[in-house]
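Positions 54 to 245 (our numbering) are the ones given, in order, by the sequence shown. Step one of this worksheet: look at the structure below.
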Amino acid sequence: MSYWKKSLLPGLVGGLVMMASATPAGAAGDGPVNTPLSAFTDGSLGKYLWTVPGVIKKQGFVTDVTCTNLDAPGTVADIGVEIFDETGTRLNDVSVAPAPGGCNGAMLGVPAGHTVTISNGATVQFHEDCIIAIAGGTSGSARILSTSSKISCNALIADSKNVVLTTGGTPTGVSPSVTGLKLIRKSKQQGD
């Protein structure tokens with residue numbers, strides 16, 4: 054029996070190590086529920102509040118997430134959105150400092166009563182406070198994090214390039230294509 058342990062075990066371990074090193078690192082992620090939370094860049098740890106399935110940045114469509122801090126007056130909240138692609142790989146991280154003029158998906162110190170919009174792309178018809186720089190051609194999900202559990206959010210897919218014009222050519226402010234997305238409490242959908 055000791056012969057088998059001595060000769061087979063090193064070969065088996067070596068084979069597993071070789072297999073593991075041949076697997077591409079980060080080929081797929083753990084998704085929004087199972088990816089560990091990181092602190093915001095100010096050191097505050099947020100709570101995972103909402104999951105947004107159906108996030109897209111593809112063929113001119115982008116996803117906007119709008120959140121309002123409903124906490125008591127004088128209270129501020131960090132609010133963040135982390136996007137995951139179709140393989141569950143996180144595409145942005147609220148703990149990583151953004152490049153100058155960029156956004157990592159987090160809005161820090163949002164005062165009570167204020168609303169912020171975090172998006173994965175700019176639109177013609179809406180105002181985005183934070184545009185996360187991720188590649189186009191992705192679809193997947195997002196998670197919404199905050200240091201306060203008293204935030205209310207909405208998510209939508211918008212046509213990023215077009216605007217509805219009047220017959221005189223003036224923008225109407227109406228979006229040509231907007232679709233609301235369902236928000237579910239972390240991992241429990243309504244009715245579950």
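We put the CB at the ideal spot given by N, CA and C, even for glycine.
Across which residues does DSSP place residue i in a beta bridge pair?
i, result
"residue 218", "224"
"residue 163", "130"
"residue 233", "209"
"residue 98", "92"
"residue 142", "Residue 142 is not bridged to any residue."
"residue 105", "195"
For the alpha helix (DSSP H) that contains residue i, what are its first and last residues?
i, result
"residue 85", "84 to 87"
Measure how close the beta-carbons of residue i and residue j come, nearest whole angstrom, since I'm counting them as under 8 Å.
i, j, result
"residue 174", "residue 134", "So it is not a contact: roughly 13 Å between Cβ atoms."
"residue 131", "residue 202", "Going by Cβ atoms, the distance from residue 131 to residue 202 rounds to 12 Å, so no, they are not a contact pair."
"residue 206", "residue 86", "The pair is not a contact, with the Cβ atoms about 17 Å apart (cut-off 8 Å)."
"residue 142", "residue 82", "4 Å"
Specify, as a first and last residue, the run of the beta strand (DSSP E) that residue i falls within.
i, result
"residue 113", "Careful: residue 113 lies outside any beta strand (DSSP E) and carries neither H nor E."
"residue 168", "168 to 172"
Less than 7 Å between C-beta atoms, sequence neighbours within five positions excluded: which residues of the same chain meet that for residue i?
i, result
"residue 232", "209 and 210"
"residue 153", "none"
Leaving aside the five residues before and after residue i along the sequence, list all residues of the same chain whose C-beta is less than 6 Å from its C-beta, in chain order.
i, result
"residue 122", "130, 163, 165, 167 and 204"
"residue 110", "173, 174, 189 and 191"
"residue 197", "102, 103, 134 and 206"
"residue 107", "234"
With a CB to CB cut of under 8 Å and the five nearest residues on each side skipped, what residues in its chain are close to residue i?
i, result
"residue 84", "137, 141 and 194"
Taking only runs of the beta strand (DSSP E) that begin and end inside the region 184 to 216, which ones reach a length of at least 3 residues, in chain order?
191 to 199 and 204 to 212
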